[in-house]
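> In mature numbering (1 follows the signal peptide of the UniProt record, and there is no 0), the protein residues as written are -19 to -1, 1 to 136.
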Ligand SMILES: [Zn+2]
């Protein structure tokens, strides 16, 4: 088993390129195609990117990106599986699925920047993002396979 220190990822390559290389090299799943995007998501490209896929997984670590992904998913009518982690806790929600509420329905106004704690400042137990990522992937697979037991947000 190989472990890739996070510092190497940042120094040697962009994360998306390295992850694509590692997963392809070690044949973690031969039926999955990895498509790295070496660019920043922004209002000019978000809709075009998101329209290409059936289910979107938000793995971002900041509030502006979270709202951008949500808005593009709403415009493209795509379900959004959102996961986040901070300290010892994680949150997982499916938004915009079959006419269900979106992220803005729950949080209409972005919070002031100074009120948001990120992992760099607040810390996160290393295994929490891994657990949340696995649960997020499960929700994506459930949606993609048409299962009825989706983790939905209800008002
Ligand atoms: Zn909404």
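Cβ coordinates follow ideal geometry from the N, Cα and C atoms, glycine included.
Apart from the five residues on each side of it in sequence, which residues of its chain come closer than 8 Å, Cβ to Cβ, to residue 70?
Same-chain partners within the cutoff: 109.
> Would you call residue 26 buried or exposed, if buried means 16 or more other Cβ atoms sit within 10 Å of its Cβ?
Answer is exposed; the Cβ neighbour count stays below 16.
> With DSSP collapsed to three states, give me the class of residue 16.
Three-state result, residue 16: coil.
> Which residues are close to ligand 3, meaning CB closer than 6 Å to any heavy atom, in chain order?
Of the ligands this structure carries, namely ligand 1, none is ligand 3.
> Just the Cα atoms here: how many angstroms apart are residue 2 and residue 12?
About 15 Å.
> Pop quiz: residue 113 and residue 64 are said to be a contact at Cβ under 8 Å. What is the actual Cβ separation, rounded to whole angstroms?
Between residue 64 and residue 113 the Cβ distance is about 4 Å, and since that is below 8 Å, they are a contact.
> If you check the beta carbons only, do residue 68 and residue 107 fall under 8 Å apart?
Not a contact, by the Cβ cut-off of 8 Å.
> Which whole-angstrom value describes the C-beta separation of residue 124 and residue 78, a residue pair presumed to lie in contact below a C-beta threshold of 8 Å?
At roughly 7 Å, the Cβ-Cβ gap stays under 8 Å, so residue 124 and residue 78 are in contact.
> Looking only at C-alpha atoms, which of 54, -3, 115 and 118 sits nearest to residue 20?
Of the listed residues, the one whose Cα sits closest to residue 20 is -3.
> Name the residue from 95, 121, 18 and 126 whose alpha carbon lies nearest to the alpha carbon of residue 60.
Selected option, being the one with the closest Cα: 121.
> For the beta strand (DSSP E) that residue 64 lies in, which residues bound it at each end?
Looking at the DSSP string, the run of the beta strand (DSSP E) that includes residue 64 is 61 to 67.
> Compute the beta-carbon to beta-carbon distance between residue 31 and residue 53, rounded to the nearest angstrom, for a pair I have assumed lies under 8 Å.
Contact holds; Cβ gap of about 4 Å.
> Just the Cα atoms here: how many angstroms apart are residue 44 and residue 131?
In a straight line, the C-alpha of residue 44 is about 24 Å away from that of residue 131.
> Quick one: what's residue 71 bridged to in DSSP?
Residue 71 is bridged to 66.
> In angstroms with no decimal places, state the Cα-to-Cα distance between residue 47 and residue 41.
Each residue's Cα considered, the two are about 7 Å apart.
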